Structure formats: structure tokens, C-alpha cells
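Asks: The structure that follows is given in the form of C-alpha cells.
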Amino acid sequence: MNNMQMMGQMYPQMASGTGDGTSIAALRNDYSQVIKKYPQMQMPQNNPTQQQLLQLQQMQQLQQQQQQQYEDSQKTHINNLVNDINRDLEKYQPSKSRMTETDSTDTEDNKTESWGSYVPNFIKEPILLLLIYLILSQEFVRQYIAKYVTYLEPKNGSVPVTGIVIYGIILTVLFTFFKKILLR
């Protein structure tokens, strides 16, 4: 049943088109009866009541109070954190002797890093090995070592396997030594 049919049943004068009309008091009375009988037909009120305005104000105040409490708790938390950090910093005292040692090693490391930092390690090691080999191959170096190790300079001109092994050991020891010192 639609609204027009309900109105026609309640107000037969309007449906038939006859009559002088209905008084406003009768219309108000009929409207309240219709609302009681059919509450879904109630028209929404555009003007909020005083109670609704009061509830809205209370909700806004509650939201503001909650926001203020949240901000206060955050400030308290941050203040506690800052105080904890300050207390820990007051307790911390670095050793002065270690600081001077690390400062001197840092400056030494910076000097060595600036010299060899441009060349990668896979190039440094072969260059070091080549330099040591070239130095050991020089005639005056071989003669000097041969004074102490006779296997490196035999009288008949052929170097025995023992001499080659000794020469390799000298080369390896020098390479390892200079690698540890120069290529840190």
C-alpha cells in the first residue's frame, strides 16, 4: 500500500475532490495518529533539538580531553626517555688513554690508505711478488745470499733442486712478510 492510497483512506474528502478541506488541527491530529500507526513514515527533523546539541558539545569536549591526555602522555614518555639518556650519558666516561692511541693509529691508517687505496688488492699482490722476484734475481743479491747458502751458486753451473726449494722458501717468506706489512 503506497502513501497516496493510505491518504485516500484516511481523508476521503481529498480523494473524491469534494469538500472544503480539513482544518489544521485535524491534520495535526491525523498526522500524529499516522505516525503512531506507521512509525517508518515519520519525517526527519532538520532542526536538532537542544538535547542533541548538548550531546554534540559533550562529545566534542570528550574528544578534546582524550586528545589532550594522549598528547600529555606522549610528552611524559618523551621526557622520561630524554632523562634516561641524560642519566646514562652522565655515567659514561670514555677512557682517555685509549682515545689517544686510536687517534694516532687513525692518522697512520689514513696515510697508508691514501697511498694504496687506489690500487685493488688483486693487483697489489702480483706487483709485490714481481718486485721481490726482480730484487732476488739481481746478481749482487744472489751472490750475497750464496755466501751463506752454497746451494744457490754451485761450482759446476747447475742449480740442484735443493737450491730451487731454498730460493722459493726465501721468496715466499719475503712475500708473506711484506704483504703483512705493506698490504694491511
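Under numbering that gives the first Met the number 0, the first residue of the sequence shown carries the number 0, and numbering increases by one thereafter.
Backbone N, C-alpha and C fix where the C-beta goes; we use that ideal spot for every residue, glycine too.
These numbers were taken from a predicted model, which means no experiment stands behind them.
So, at 7 angstroms on beta carbons, what are the nonlocal neighbours of L128 in its own chain, with the 5 sequence-adjacent residues on each side left out?
Replies: The residues are F174.
Asks: With a cut-off of 8 angstroms on the beta carbons, I'd call I168 and Y150 a contact; round off their distance for me.
Replies: That belief does not hold up - the Cβ atoms of I168 and Y150 are roughly 11 angstroms apart, past 8 angstroms.
Asks: Note the first and the last residue of the continuous alpha helix (DSSP H) segment covering K35.
Replies: It spans I23 to K36 - the alpha helix (DSSP H) in which K35 sits, taken as one unbroken run.
Asks: Please state the DSSP three-state secondary structure of L52.
Replies: The answer is helix: DSSP assigns L52 an H, G or I state.
Asks: Does chain B have any CB closer than 8 angstroms to the CB of G162?
Replies: Looking for chain B here will not work: only one protein chain is present.
Asks: Can you check whether the CB of E152 is closer than 8 angstroms to the CB of Q137?
Replies: Not in contact: Q137 and E152 (Cβ atoms no closer than 8 angstroms).
Asks: For Q67 and D83, what's the separation of their Cα atoms in angstroms?
Replies: If I take the Cα positions, the gap works out to 24 angstroms.
Asks: Do F177 and I122 have their C-beta atoms closer together than 8 angstroms?
Replies: No, Cβ-Cβ distance for F177 and I122 is not below 8 angstroms.
Asks: Cα-Cα, which of E89, L181, F139 and S72 is closest to I126?
Replies: Minimum Cα distance to I126 is reached at L181.
Asks: Could you give the DSSP three-state label for N155: helix, strand or coil?
Replies: Correct three-state label for N155: coil.
Asks: So which of Y147, E124 and P159 has the shortest CA-CA distance to K179?
Replies: With distances taken between Cα atoms, K179 lies closest to E124.
Asks: Just the Cα atoms here: how many angstroms apart are Q57 and D71?
Replies: Distance between the alpha carbons of Q57 and D71: 21 angstroms.
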